[in-house]
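Numbers -17 to -1, 1 to 556, taken from mature numbering (1 follows the signal peptide of the UniProt record, and there is no 0), label the letters of the sequence shown in order. Using N, Cα and C, we set each Cβ at its ideal position, and we do this for glycine too.
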Amino acid sequence: MPASVSLLLLLPPPCCSRRQGQERDECGARRRRRRRRRTRRRLRPFERGTMSMEDSAQPAGAASAGERASSPSPSRRLPDFLQSVRLKYVKLGYHYLITHGMYLLLTPLIVLIAVHLSTLSPGDVADLWTHLRFNLLSVIACSTLLVFLSTVYFLTRPRSVYLVDFGCYKPGPERRCSRETFMRCSKLTGNFTEANLDFQRKILERSGLGEDTYIPPALVTVPPNPSMELARQEAQVCMFGAIDNMLAKTGVKPKDIGILVVNCSLFNPTPSLSAMVVNHYKLRGNIVSYNLGGMGCSAGLLSIDLAKDLLQVHPNSYAMVVSTENITLNWYFGNNRSMLVSNCLFRMGCAAILLSNKRSDRRRSKYELVHTVRTHKGADDKCFSCVTQEEDDSGKVGVALSKDLMAVAGDALKTNITTLGPLVLPFSEQLLFMVTLVGKKLFKMKIKPYIPDFKLAFEHFCIHAGGRAVLDEIEKNMDLTDWHMEPSRMTLFRFGNTSSSSLWYELAYSEAKGRIRRRDRIWQIAFGSGFKCNSAVWKALRSVNPAKEQNNPWMDEIDTFPVDVPKVSKVAE
């Protein structure tokens, strides 16, 4: 048989070839459609509305032109707090409460003894003295027991931690960057496509940021020239500005500071930022110094918790906490939309906080630290990878945001407040919560868990100003008022997302408004990559007089706030 005939026999008939070709075309088309759907699903959170991110950015965005904004799918929203809570987190909260159960039991016992003694007449006291004179062994035994219990109490009780004062850095007017300036500089770089420039504009319009936020000079020059030297300059200006304000308000000498904790997520040079502070202020040689990196927007409260633990073992000490972020070397110049959000939200900022465990500082301190609660979801792969610093397809480094970010943040928040609840809620709220929980878990009743009213536990709320969407969801789920959310919204509007320091700009806002009164309770809560959610509860030791807050970053313009922030604020082309 000729070779050509053999070859023809091996080839499929023409109809089969056409059919196989059509099938290949259809398979290729199906694969392309699946890829497009996956891409749309990944970008949908950014195209439908502003979302918050942690560590370096929090998703925000807008619907495409001509498309009506629709509510995000349940997987991309904060979970409804009316859903069932996990019993183990409730148990954890009560474990924290019972840890100090000895002091809770001793207090009513001492009160009962004092009340009983107050009812004794002089004759009863004389009879008691006569009885004790003839029962010397009982007196010695009781005295020994009293001394022993007193010693145990004073040795095991946690040291009180006071917040003497804090300072926030406010850049000069030359660092201000309006939204129009931001868009103009982004366009002049030549790195972004027209579609992604339009995407950034839509994010800005729905982000909740105003016209007076601050950006370092390396990013607003044309062309941008970020460098290690300029990043160091940004870190120095921010940190030293905040520390100088704090030292001026407290009158503490740098040599008196025994503990230093600095946190900055994305900029970790050598020598470290903490070493930079030690060198600039000539801190003492035996200072206990820590530098925390890569821990996201919740690192400020992590630093407070670390300083609190250190103050338990270092008596009569001052601890300085410095919370900042550095954006000079962390600006993204690529076209991956999930990495572009951080450019639109993050701005310059820094806060310095002075803590003390000296009893003599109680009278002049502003606040006392009551509780810190930390929640870490890093064991879950989805939570761990929802905010990741990585390279895009062209090798440019940015922070990639998962579509699951909102759901992860909501789950971490729910876990954290479930643990915090038993520590701070009044008994009536805890009782209602436990009754509904027992009915659901033990008796299988089809009822929704009772969501406690946290407004009964706190007078002031400082919620990390990471993005408008998260603030909206927290306000709705926790039934907070505009007054409670005002510090967070105004901080986002005036200063942008300053990462871990945003909580202190919010507290400074409440002080500048004259809202802080003695015995008020303040709840600070922040989210961070990993994924983490952390809380700190403070009690005001005195009323804060705004007239004396000269170094407060809000004081020269506080009368112009609050302002109305529309859902969509157009940016000029």
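In three-state DSSP terms, what is residue i?
| i | result |
| --- | --- |
| phenylalanine 149 | strand |
| aspartate 357 | What sits at residue 357 in the sequence shown is arginine, not aspartate. Arginine 357: strand per DSSP, three-state reduction. |
| phenylalanine 544 | coil |
| tryptophan 314 | coil |
| asparagine 251 | coil |
| glycine 511 | strand |
| glycine 241 | strand |
| serine 484 | helix |
| threonine 196 | strand |
| threonine 307 | strand |
| threonine 33 | Residue placement at threonine 33 cannot be trusted, given a pLDDT of 41 that sits under 50; the coordinates are not used to answer. |
| leucine 337 | strand |
| isoleucine 379 | The question names isoleucine, yet the displayed sequence has lysine at residue 379. Here lysine 379 sits in coil by DSSP. |
| arginine 2 | Only weak support exists for where arginine 2 lies, its pLDDT of 49 falling under 50; the value from the coordinates is given anyway. In the structure shown, arginine 2 sits in a helix (DSSP, three-state: H, G or I). |
| glutamate 556 | coil |
| glutamate 50 | With a pLDDT of only 38 at glutamate 50, under the threshold of 50, the placement of this residue in the model should not be trusted, and no figure is reported. |
| tryptophan 112 | helix |
| lysine 185 | helix |
| arginine 347 | coil |
| proline 536 | coil |
| alanine 523 | strand |
| asparagine 319 | coil |
| asparagine 517 | strand |
| tyrosine 264 | helix |
| cysteine 369 | coil |
| histidine 467 | helix |
| valine 130 | helix |
| histidine 443 | strand |
| arginine 502 | coil |
| alanine 302 | strand |
| valine 271 | strand |
Assign residue i to one of two classes, buried (16 or more other C-beta atoms within 10 Å of its C-beta) or exposed (fewer than that).
| i | result |
| --- | --- |
| leucine 524 | buried |
| threonine 176 | exposed |
| glycine 49 | At glycine 49 the pLDDT is 38, less than 50, meaning the model places this residue with poor confidence; the figure from the coordinates comes in the next sentence. Glycine 49 is exposed by the Cβ-count criterion. |
| glutamine 413 | buried |
| tryptophan 487 | buried |
| glutamine 507 | buried |
| lysine 515 | buried |
| tryptophan 521 | buried |
| proline 207 | buried |
| glycine 378 | exposed |
| serine 339 | buried |
| proline 405 | buried |
| arginine 320 | buried |
| alanine 231 | exposed |
| leucine 266 | buried |
| leucine 490 | buried |
Taking C-alpha atoms, which residue in the options lies nearest to residue i?
| i | options | result |
| --- | --- | --- |
| serine 235 | Glu212, Phe149, Lys153 | Note that residue 235 is valine in the sequence shown, not serine. Valine 235 has its Cα closest to that of Phe149, out of Glu212, Phe149, Lys153. |
| lysine 291 | Leu249, Arg320, Asp239, Val353 | Val353 |
| arginine 184 | Ser161, Leu425, Gln372 | Ser161 |
| histidine 295 | Leu138, His467, His99, Leu192 | Note that residue 295 is glutamine in the sequence shown here, rather than histidine. Minimum Cα distance to glutamine 295 is reached at Leu138. |
| glycine 513 | Lys349, Asp364, Tyr145 | Asp364 |
| threonine 398 | Val548, Asn318, Glu373, Thr358 | Thr358 |
| arginine 345 | Asp375, Ile93, Val144, Thr102 | Val144 |
| glycine 279 | Ser325, Ser377, Ser272 | Ser325 |
| glutamate 469 | His443, Val130, Ala530 | His443 |
| threonine 172 | Leu187, Thr204, Gly155, Leu266 | Thr204 |
| asparagine 299 | Ser343, Tyr264, Asp288, Ala530 | Ser343 |
| serine 552 | Gly241, Arg189, Leu384, Val135 | Arg189 |
| valine 245 | Pro237, Ser272, Ser133 | Ser272 |
| alanine 555 | His99, Cys151, Ala109, Phe165 | Phe165 |
| phenylalanine 250 | Tyr350, Met259, Met303 | Met259 |
So residue i and residue j are in contact, right, with Cβ under 8 angstroms, and what is the actual spacing, rounded?
| i | j | result |
| --- | --- | --- |
| residue 567 | serine 484 | Nothing about residue 567 can be reported from this structure: the residues present for the chain run from -17 to 556 only. |
| residue 560 | serine 518 | Outside the shown range of the chain, which is -17 to 556, sits residue 560, and nothing can be said about it. |
| phenylalanine 510 | serine 281 | 6 angstroms |
| isoleucine 505 | phenylalanine 441 | 7 angstroms |
| glycine 277 | serine 248 | 6 angstroms |
| leucine 312 | glycine 479 | Between glycine 479 and leucine 312 the Cβ distance is about 18 angstroms, and since that is not below 8 angstroms, they are no contact. |
| alanine 495 | tryptophan 537 | 4 angstroms |
| alanine 452 | threonine 474 | Contact doesn't hold; Cβ gap of about 16 angstroms is too wide. |
| tyrosine 433 | glycine 381 | Between glycine 381 and tyrosine 433 the Cβ distance is about 43 angstroms, and since that is not below 8 angstroms, they are no contact. |
| valine 370 | leucine 396 | Their Cβ separation, rounded to whole angstroms, is 15 angstroms, which puts valine 370 and leucine 396 out of contact at 8 angstroms. |
| aspartate 181 | arginine 159 | Not confirmed; about 24 angstroms, so no contact. |
| methionine 417 | tyrosine 197 | Their Cβ separation, rounded to whole angstroms, is 47 angstroms, which puts methionine 417 and tyrosine 197 out of contact at 8 angstroms. |
| serine 257 | asparagine 274 | 4 angstroms |
Does the distance between the C-beta of residue i and the nearest non-hydrogen atom of the ligand HEM fall short of 6 angstroms?
| i | result |
| --- | --- |
| phenylalanine 476 | Within the structure as shown, the ligand HEM is missing, as the structure has no ligands at all. |
- With a cut-off of 8 angstroms, do at least 3 Cβ pairs link the segment 210 to 223 to the segment 301 to 317? yes
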